[in-house]
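Residue numbers (the working numbering): 4 to 214.
Everything below concerns the one structure shown next.
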Ligand SMILES: [Zn+2]
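Written out as structure tokens, the structure reads:
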């Protein structure tokens with residue numbers, strides 16, 4: 004078993020519940036489930052269709068502003084961005100466009116045109132995305148490569164605290180959630196790219212690509 008983020012082969016048992024087993028990478032500290040627990044595409048799509056992310060929903064906008072506000076404080080005017088994994092009703096795209104930014108969207112299920120993935124950006128957002136990734140190492144590296152020097156990667160995902168908190172964590176019970184990051188994992192990932200993550204609140208991570 005190789006870590007889906009860093010590729011290391013050393014994994015330790017982390018937790019088991021009624022549904023799945025969870026391992027933790029000894030190198031990057033990613034907590035992940037073995038591939039035998041991955042859902043098939045149709046079950047995943049059905050689950051994502053239930054996610055509420057209507058652009059007109061004020062509560063959802065408030066939730067997204069936890070990422071949008073600190074990110075926009077760091078962006079120049081008229082920046083060019085991508086919302087990766089925007090879901091069926093891309094509310095964050097609408098918010099960033101209203102602020103004057105030029106935002107593309109991509110979602111493998113709902114906006115599958117891959118043209119936006121061949122461009123470069125001043126910022127890329129991925130809200131409630133990385134916990135779903137079967138191959139987070141590959142996908143995050145691809146996003147990083149799409150950033151211009153000085154560009155920002157903005158992530159929203161809930162963070163692993165420790166094994167005790169994990170045991171009672173509702174976040175792990177969603178069967179589409181397969182990759183669980185901690186602050187240590189993001190720090191490791193940033194160090195590999197000369198980037199120091201900025202943590203905002205409990206679930207927002209900003210990383211700047213220097214060059
Ligand atoms: Zn790892």
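The beta carbon of each residue, even a glycine, is placed where N, CA and C say it ideally should be.
When burial is assigned at 16 or more other CB atoms within 10 Å of the CB, is residue i buried or exposed?
i, result
"residue 80", "exposed"
"residue 15", "exposed"
"residue 29", "exposed"
"residue 164", "exposed"
"residue 72", "exposed"
"residue 24", "exposed"
"residue 86", "buried"
"residue 159", "buried"
"residue 32", "buried"
"residue 152", "exposed"
"residue 6", "buried"
"residue 188", "buried"
"residue 8", "buried"
"residue 169", "buried"
"residue 134", "buried"
"residue 173", "exposed"
"residue 40", "exposed"
"residue 54", "exposed"
"residue 82", "buried"
"residue 131", "buried"
"residue 166", "exposed"
"residue 145", "exposed"
"residue 212", "buried"
Please state whether the Cβ-Cβ distance between residue i and residue j is less than 8 Å.
i, j, result
"residue 150", "residue 124", "yes"
"residue 182", "residue 139", "yes"
"residue 157", "residue 74", "yes"
"residue 108", "residue 96", "yes"
"residue 93", "residue 119", "no"
"residue 179", "residue 45", "no"
"residue 196", "residue 155", "no"
"residue 114", "residue 51", "no"
"residue 209", "residue 203", "yes"
Contact check, residue i vs residue j under 8 Å by CB: the rounded distance?
i, j, result
"residue 88", "residue 49", "Rounded, the Cβ-Cβ distance is 17 Å, inconsistent with contact."
"residue 127", "residue 84", "6 Å"
"residue 36", "residue 27", "Contact doesn't hold; Cβ gap of about 11 Å is too wide."
"residue 70", "residue 207", "5 Å"
"residue 162", "residue 205", "7 Å"
Per DSSP, which residues does residue i bridge with? Please list them.
i, result
"residue 182", "35"
"residue 25", "18"
"residue 210", "156"
"residue 201", "209"
"residue 187", "The partner list for residue 187 (beta bridge, DSSP) is empty, contrary to what the question assumes."
"residue 105", "83"
Complete alpha helix (DSSP H) runs within the region 107-164 (minimum length 4 residues, chain order): 139-148
3-residue-minimum beta strand (DSSP E) runs that sit fully inside the region 44-92, ordered along the chain: 83-87
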